[in-house]
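The next block holds one structure in the form of structure tokens; read it before the comments.
2 protein chains.
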Amino acid sequence: MMQCDNNQYGISFECDGGQFVNQLLHNAENRGCFSLPVKQSLVLDGGKGELVRACGRVGRKRGVSETKTAEALRSHSEAERRRRERINAHLESLRGLVPSNEKMDKATLLAEVVSQIKQLRATVSQASEGLQIPMDTDEVKVEAIENLSGDGSLLLRASLCCEHWPDLLSDVRKVIRSLPVRVVKTEISTLGSRVKVTFLISSVEGDSVVGSVRAALSSVVEKVSAMVESAEQLFIPRKRQRVLCLDSSSCLLQ
Amino acid sequence: MMQCDNNQYGISFECDGGQFVNQLLHNAENRGCFSLPVKQSLVLDGGKGELVRACGRVGRKRGVSETKTAEALRSHSEAERRRRERINAHLESLRGLVPSNEKMDKATLLAEVVSQIKQLRATVSQASEGLQIPMDTDEVKVEAIENLSGDGSLLLRASLCCEHWPDLLSDVRKVIRSLPVRVVKTEISTLGSRVKVTFLISSVEGDSVVGSVRAALSSVVEKVSAMVESAEQLFIPRKRQRVLCLDSSSCLLQ
DNA sequence: TGAAACACGTGATCC
DNA sequence: TGGATCACGTGTTTC
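Line by line, the protein sequences are chains A and B. Numbering of the first sequence is given in the numbering used here, commencing with residue 1 and proceeding in unit increments. Numbering of the second sequence is given in the numbering used here, commencing with residue 1001 and proceeding in unit increments.
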């Protein structure tokens, strides 16, 4: 056990840095009535914010350090109150978000929130399968649909699915335009923050076009995924796509 | 201010039942060093679970009531510790469910959870539109598709969408069978805990069949909605449909 | 240094 | 009554 006098409120006590002994001592030390060599404990008189000795008569003359300690205790307890209020406000929000009733204790409420989130995630995952918009994995698909007659040209269905990103659509347009293909049809669907772009593409160069379209779309997906990841690491909350459209044909990319 | 000696730990103090004054007195009373006529305050010696006087010498002889108080304080603080552990365990679960990082303070974590739930709900709502399975409102739709040639028979598309309930499918089967119709095709889709059943129905009685099919399906939906509501009021967590199938033709109802 | 975050034990309240 | 829940002020640690 060693002496530590580095606590900020000027309250001296015995401790050894060990959590266990600290806990054992905690209560007694608060009152300064422990048999170990405790020097003193100070408490705040809530009524006037003045300092009193926990044991013994109320001090007649008070030093500067005691006044400072009184102020520290006051601001400390006020900060703690604000913290509690902040936390409880969020808990109230959650109370409004889970179905169920009011008058639910904190632990049960939090358990309910946990299961609610899991349920919602499962539902979203299910919906994303039905809508063919995977939520967890990015995706690039390119497939030949049919060989057009004679001239060796090809009809392709190509799609990409990833998180939304401001430059996503213009990037997709750029890479598609750089290829020797003609876009027959475009569909853009979104689900939550995910975007899926599907093309019907015709090309006269049947040989390598599948690979080059796949490479082009993959480069876009990889760029977006890198941007999103770095934004998350920098604690920048990604802006969510709020306006969602499903199955809308559009010429945004043309 | 009036005397209250009805607190369970045998600790006497002054109070007036008012929250404000109670708070002001709270701290000083803990130590029994307030200038108001406080009788005594007892604290638990964490090391051995023994009772000591907050002010004054450690008592040599201890009464039965003091022993009982010591035990009460101990079990009280232990119960409180368990409560904290329960709450913190749920908070840890939530930490694992929000994306973001570890080392997030409680208030921020809870704020993140709130926004996460809102986002998930918006996504589910969006998906339910795309999949034509409304999440918030029950629905019965019946429409004539075409008049079959000559004999006055009719082809209908009928659908119902509501929460899942164990007897739902058999109830639907029952009411459909009670009608003078032939079921041509059935589709069952689910999203989360919602179920949508769609029928293609042919009938030789073209006049009233739309209304009677609608009435039949509505009676099922109303029964289910009543069951679900009463289950929620009784705090019975409705069993969620875990196995989800989308757009599956089936003969479950035939 | 001082502000912020957490765990703790306690008084109060409810059923 | 005893047990459970909550708000509170405080000691401690971290940055």
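Even for Gly, the Cβ is constructed at its ideal location relative to N, Cα and C.
N-terminal and C-terminal residue of the beta strand (DSSP E) that residue i is part of
i              : result
residue 1100/B : Per DSSP, residue 1100/B belongs to no beta strand (DSSP E) and is neither H nor E.
residue 205/A  : First-last for residue 205/A: undefined, no H or E at that position.
residue 1159/B : 1154-1163
Enclosing alpha helix (DSSP H) for residue i [first to last residue]
i              : result
residue 1169/B : 1168-1177
8 Å contact criterion, which residue i and residue j should meet: CB distance rounded
i              : j              : result
residue 199/A  : residue 170/A  : Residue 199/A to residue 170/A, Cβ: 15 Å. No contact.
residue 1113/B : residue 94/A   : 7 Å
residue 91/A   : residue 98/A   : Contact doesn't hold; Cβ gap of about 11 Å is too wide.
residue 1212/B : residue 1131/B : Wrong, their Cβ atoms sit about 28 Å apart, outside the cutoff.
residue 1117/B : residue 87/A   : Contact doesn't hold; Cβ gap of about 17 Å is too wide.
residue 1138/B : residue 1077/B : That belief does not hold up - the Cβ atoms of residue 1138/B and residue 1077/B are roughly 50 Å apart, past 8 Å.
residue 191/A  : residue 1120/B : About 11 Å; that fails the 8 Å criterion.
Collapsed DSSP secondary structure at residue i in the structure displayed
i              : result
residue 1186/B : strand
residue 1109/B : helix
residue 1018/B : Confidence in residue 1018/B is poor, its pLDDT being 36 and thus under 50, which makes the residue's placement too unreliable to answer from.
residue 1191/B : strand
residue 1198/B : strand
residue 1133/B : coil
residue 1039/B : At residue 1039/B the pLDDT is 36, less than 50, meaning the model places this residue with poor confidence; the figure from the coordinates comes in the next sentence. Coil.
residue 1029/B : Here the model assigns residue 1029/B a pLDDT of 35, short of 50, so the residue's position is not dependable and the matter cannot be decided.
residue 128/A  : helix
residue 1058/B : Confidence is the limiting factor: at residue 1058/B the pLDDT is only 42, short of 50, which leaves the residue's position unreliable and the question unanswerable from this model.
Proximal residues to residue i (C-beta, below 8 Å), its chain only, five neighbours per side dropped
i              : result
residue 182/A  : 201, 202 and 203
residue 194/A  : 128, 133, 134, 135, 161, 162, 163 and 164
residue 1175/B : 1216, 1217, 1219 and 1220
residue 125/A  : 135 and 136
residue 1178/B : 1216
residue 102/A  : 95
residue 1266/B : Absent from the model: residue 1266/B. The displayed extent of chain B is 1001 to 1254, so no value can be given.
residue 1100/B : 1112
residue 89/A   : none
Beta-carbon proximity list for residue i, same chain, < 7 Å, skipping 5 on both sides
i              : result
residue 255/A  : Summary: the structure shown does not reach residue 255/A, with chain A confined to residues 1 through 254, and so no result is reported for it.
residue 1134/B : 1128 and 1161
residue 180/A  : 203 and 205
residue 1023/B : Residue placement at residue 1023/B cannot be trusted, given a pLDDT of 37 that sits under 50; the coordinates are not used to answer.
residue 1210/B : 1142, 1144 and 1156
residue 1026/B : Any reading at residue 1026/B needs caution, since the residue's pLDDT is 37, under 50, leaving its predicted position unreliable; the model's value is listed next. Same-chain partners within the cutoff: there are none.
residue 106/A  : 91
residue 1153/B : 1202, 1203, 1204 and 1206
residue 1208/B : none
Same chain, Cβ closer than 6 Å to residue i, five either side skipped, listed in chain order
i              : result
residue 1146/B : 1155
residue 1184/B : 1200 and 1202
residue 1115/B : none
Give the residues from the segment 116-146 of chain A that approach chain B closer than 8 Å (Cβ to any Cβ), ordered along the chain. Listed in sequence order: 116, 117, 118, 119, 120, 121, 122, 123, 124, 126, 127, 128, 129, 130 and 131.
Going along the chain, which residues of the segment 1063-1086 of chain B sit with their C-beta nearer than 8 Å to a C-beta in chain A? So the close ones are 1083 and 1086.
By the 8 Å beta-carbon criterion, what residues does the segment 208-224 of chain A contribute toward chain B? Look at the segment 208-224 of chain A: it has no residue with a C-beta under 8 Å from a C-beta of chain B.
Interface positions of the segment 93-115 of chain A facing chain B (Cβ-Cβ less than 8 Å), listed along the chain: Residues are counted here when their Cβ sits less than 8 Å from a Cβ of chain B; for the segment 93-115 of chain A these are 93, 94, 97, 99, 100, 101, 106, 107, 110, 111, 113 and 114, given in chain order.
So if I threshold CB-CB distances at 7 Å, which residues from the segment 1159-1181 of chain B count as touching chain A? Within the segment 1159-1181 of chain B, no residue has its Cβ closer than 7 Å to any Cβ of chain A.
Closer than 9 Å, Cβ to Cβ, to anything on chain A: give me those residues from the segment 1181-1193 of chain B, in chain order. Those residues of the segment 1181-1193 of chain B that come within reach of chain A (Cβ to Cβ, closer than 9 Å) are 1189, 1190, 1191, 1192 and 1193.
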